[in-house]
Each structure stands twice: as structure tokens, then as C-alpha cells.
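J.:
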Amino acid sequence: MEIQPDTLVAQRRWRKQARFWRLATVIITIVLVFFIFQNTSYYNKVTVNDHIIRIRINGIIFDDILLTKSLESIANNPKIHAVILIIDSPGGTSLGGESIYRKLRMISKSGKPVVAIIRTMGTSAGYTVALGADRIYALKTSLVGSV
617 MEIQPDTLVA QRRWRKQARF WRLATVIITI VLVFFIFQNT SYYNKVTVND
667 HIIRIRINGI IFDDILLTKS LESIANNPKI HAVILIIDSP GGTSLGGESI
717 YRKLRMISKS GKPVVAIIRT MGTSAGYTVA LGADRIYALK TSLVGSV
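Mapping of the sequence shown onto our numbering: residues 617 to 763, in sequence order.
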């Protein structure tokens, strides 16, 4: 079986094009990875100044170990000066609400002001979490209360 000269030229051209596009893909990938890692939160943590932290609690409240550990670290972080808690929750488990409440009280006792803002709803465990703050703000139309 003999290879035609036209087929041989076409194969060579295809190989050159394939090499070019592979190289271009690798270069573009490297540039994108560089820009992505340059803007990650890890990179920004190195140069963080003093700030106020905002925490959102939406939906049903469960025992969230990651959130409670984050709240513990806030109490010990000297660069964080206050906490704003934005609540929009119909409630949840008593364990989840109480654990967040206790961590918020710990932050407040460390000298950092904690402010809770209840948006649409803050009932049951959502209200328990809000009680951990130094001040609670709610709109006139917000549903606030506990069972």
C-alpha cells in the first residue's frame, strides 16, 4: 500500500497545526491559572488590613462546624473590629442556633461589637442567633419572633 504525496503533505500540515494549537492551549492555560491564583482569597489574606466582617445566615440553620470555627477565629483575630450578621432564616435546629448564639456572645465579650440585621424573616433559631448580637435591627415588615 503506497501513500499518496498529497496525503503525506496533508498529514504534515495537520501535525504542524496540531503542534501550534497544543502549544497555544498550554500557554493560554498557564496565563489563566496565573490570573486565577493571583486573585484568590489566599493571596489577599497576606495583605489584609483592619476590617469589619459580614456574615450571612440564610435558610434553615443547622449545626455548622465550619461556621462555628470561623466565629471562634474572629474572636481571636485582632484585625477584625466588628461583626455584621445578616439573617434571613425561618429557623432550624436548636443545637445550630444555640452554638452560633454562644460564639457570637464570645465575640461580643472579646470587645468587638456584633450587630444583627433581620431582613425578611428571623424566627425560631434565626431569632436565637440574633439574640447573640449586641443590637438587633429589623424592618417594620420583617417577621421576627420565637416559638
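Idealized CB from N, CA, C, for every residue including glycine.
For clarity, every value in this text was computed on a predicted model and none was experimentally measured.
Measure the CB-CB distance between V730 and Y753 and report whether it falls below 8 Å.
T.: No, Cβ-Cβ distance for V730 and Y753 is not below 8 Å.
J.: Where does S705 fall in DSSP's three states?
T.: Three-state DSSP puts S705 in a strand.
J.: What does the Cβ neighbour count give for G675, buried or exposed, with the cut at 16 atoms within 10 Å?
T.: Answer is exposed; the Cβ neighbour count stays below 16.
J.: Leaving out five residues on either side along the sequence, give the residues of the same chain with a beta carbon under 7 Å from the beta carbon of T709.
T.: For T709, where only same-chain residues beyond five positions count, the Cβ hits under 7 Å are I677, F678, D679, A741.
J.: Locate the beta strand (DSSP E) running through Q761, then write down its first and last residues.
T.: Note that residue 761 corresponds to Gly in the displayed sequence, not to Gln. It spans 759 to 761 - the beta strand (DSSP E) in which G761 sits, taken as one unbroken run.
J.: Looking at C-alpha atoms only, which residue of M737, A626, I669 is the closest neighbour of R756?
T.: Residue identity check: residue 756 is Lys in the sequence provided, not Arg. Looking at the Cα atoms, M737 is the closest of the given residues.
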